[in-house]
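S.K.: Here it is, the structure, as structure tokens.
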């Protein structure tokens with residue numbers, strides 16, 4: 001192993017030779033015995049790593065840091081759960097009442113998708129129902145006038161006047 | 001119970017499993033965050049937000065490709081740290097403390113909190129990705145493969161970040177009397 005290779009490995013793997021690739025460990029130990037430069041570089045980096053270990057900024061964390069995080073997380077989760085995840089045993093009735101609520105419940109039992117969830121489908125549903133109601137209404141007016149359409153009945157009920165003839 | 005099983009339970013709303021996950025990975029996530037931000041308060045806020053994201057998205061976790069939960073968590077923490085630093089306003093120059101004594105004997109005065117502040121200053125002087133690589137591998141003892149996945153880089157790119165980061169740290173401390181470090185240990 002050359003000194004340059006040793007310094008490259010030192011930069012990459014650190015001063016703990018046991019963490020170096022197995023193929024380089026023996027050659028590195030041999031070089032440390034022979035080279036003052038390798039020995040000094042290794043000693044310098046060991047000192048640096050020891051200092052970094054002693055002065056790890058993570059030591060600023062307090063014993064209660066994790067507990068504070070957990071408490072805050074659980075509080076936020078509880079707040080979200082009241083909106084998104086109904087608690088078991090709690091009142092799970094939907095805001096929709098009556099038969100709409102019943103259909104939702106049945107859909108939930110069989111894990112069926114909401115048939116009118118997308119807004120486009122909702123709009124199409126409203127148009128279809130309006131057209132159906134309109135058609136039924138017109139048909140009922142026609143059927144309830146046995147001697148003609150509603151317009152014909154109105155026209156026939158209006159008496160003729162002299163002015164009309166003229 | 002391994003992390004994958006715990007995450008499956010979390011996806012079903014199991015608070016107990018979630019608590020175990022936080023106990024298991026919270027300390028390392030906090031340590032990573034405080035090294036990245038230099039602030040205990042910021043670190044706690046970031047890890048809180050990271051675990052909330054885990055809670056919300058646990059159902060999407062897929063370990064079929066051999067992915068590790070810790071890698072996912074570290075990635076969330078790192079991204080939150082980087083976002084926070086980018087949003088944080090720059091300190092006016094008048095508020096920046098004078099550099100410490102750069103003489104060869106300068107490090108003799110460091111101990112305890114001062115030493116930690118010096119190391120934090122050294123980490124802060126590094127580019128973000130070098131700091132993240134060192135925080136994961138050097139301080140956090142995370143494997144190279146996991147660190148590379150957390151940083152979303154190749155292993156060779158991670159090694160390059162580590163080499164440049166270590167050289168920059170060495171230069172930083174050399175300017176402040178690295179040769180006398182032994183006097184303060």
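Protein chains in written order, with UniProt numbering: chain A, 1 to 166; chain B, 1 to 185. Beta carbons are placed, not taken as given, at the ideal position from N, Cα and C, and that holds for glycine.
1) Alpha carbon to alpha carbon, what distance is there between residue 145/B and residue 169/B?
2) Is the Cβ of residue 57/B closer than 9 Å to any Cβ of chain A?
3) I need the DSSP call for residue 79/B, collapsed to helix, strand or coil.
4) If you measure beta-carbon to beta-carbon, which residues of the region 65 to 79 of chain A are closer than 8 Å to chain B?
5) Which residue comes first and which comes last in the alpha helix (DSSP H) that contains residue 154/B?
6) Label residue 1/B either buried or exposed according to how many other C-beta atoms from any shown protein chain fall within 10 Å of its C-beta, with 16 as the threshold for buried.
7) Is there a Cβ from chain B that is less than 9 Å from the Cβ of residue 62/A?
8) Could you tell me whether any Cβ in chain B is nearer than 9 Å to the Cβ of residue 6/A?
9) Counting along the chain, where does the alpha helix (DSSP H) carrying residue 26/B start and finish?
10) Taking only beta-carbon positions, decide if residue 21/A is within less than 9 Å of chain E.
11) Do residue 11/A and residue 163/B have their beta-carbon atoms positioned less than 9 Å apart in this structure?
12) Let's see if you can read the secondary structure: which residues bound the alpha helix (DSSP H) around residue 47/A?
13) Could you check the C-alpha separation between residue 139/A and residue 129/A for me, to the nearest Å?
14) What does the Cβ neighbour count give for residue 126/A, buried or exposed, with the cut at 16 atoms within 10 Å?
M.R.: Based on what the coordinates show:
1) Within the second chain, residue 169/B is the residue found at index 169, counting from 1. Within the second chain, residue 145/B is the residue found at index 145, counting from 1. So the alpha carbons of these two residues sit roughly 23 Å apart.
2) Position 57 of the second chain, counted from the first residue, corresponds to residue 57/B. False, the Cβ-Cβ gap to chain A never drops below 9 Å.
3) Numbered from its first residue, the second chain carries residue 79/B at position 79. Here residue 79/B sits in helix by DSSP.
4) If the cut-off is 8 Å between Cβ atoms, the region 65 to 79 of chain A has 65, 66, 68, 69, 70, 72, 73, 74, 76 and 77 near chain B.
5) Along the second chain, one-based indexing puts residue 154/B at 154. No alpha helix (DSSP H) holds residue 154/B; DSSP gives it neither H nor E.
6) Position 1 of the second chain holds residue 1/B. The residue is exposed, with fewer than 16 neighbouring Cβ atoms inside 10 Å.
7) The residue given as residue 62/A occupies position 62 in the first chain. Judged by the 9 Å Cβ criterion, residue 62/A is in contact with chain B.
8) Taking the first residue of the first chain as position 1, residue 6/A is located at position 6. No, residue 6/A does not count as interfacial toward chain B.
9) For the purposes of this step, residue 26/B is taken as residue 26 along the second chain, with counting starting at 1. Unbroken alpha helix (DSSP H) run through residue 26/B: 15 to 37.
10) Chain labels in this structure do not include chain E; the protein chains are A and B.
11) Residue 163/B sits at position 163 when you count from the first residue of the second chain. Residue 11/A sits at position 11 when you count from the first residue of the first chain. Yes, these two residues count as a Cβ contact at 9 Å.
12) For the purposes of this step, residue 47/A is taken as the residue at position 47 of the first chain. Per DSSP, residue 47/A belongs to the alpha helix (DSSP H) from 36 to 54.
13) As a first step, residue 139/A is located in the first chain; it is residue number 139 there, counting from the start. As a first step, residue 129/A is located in the first chain; it is residue number 129 there, counting from the start. Approximately 15 Å between the Cα atoms of the pair.
14) Your numbering for residue 126/A matches position 126 in the first chain. Looking at its Cβ environment, which holds fewer than 16 other Cβ atoms inside 10 Å, residue 126/A is exposed.
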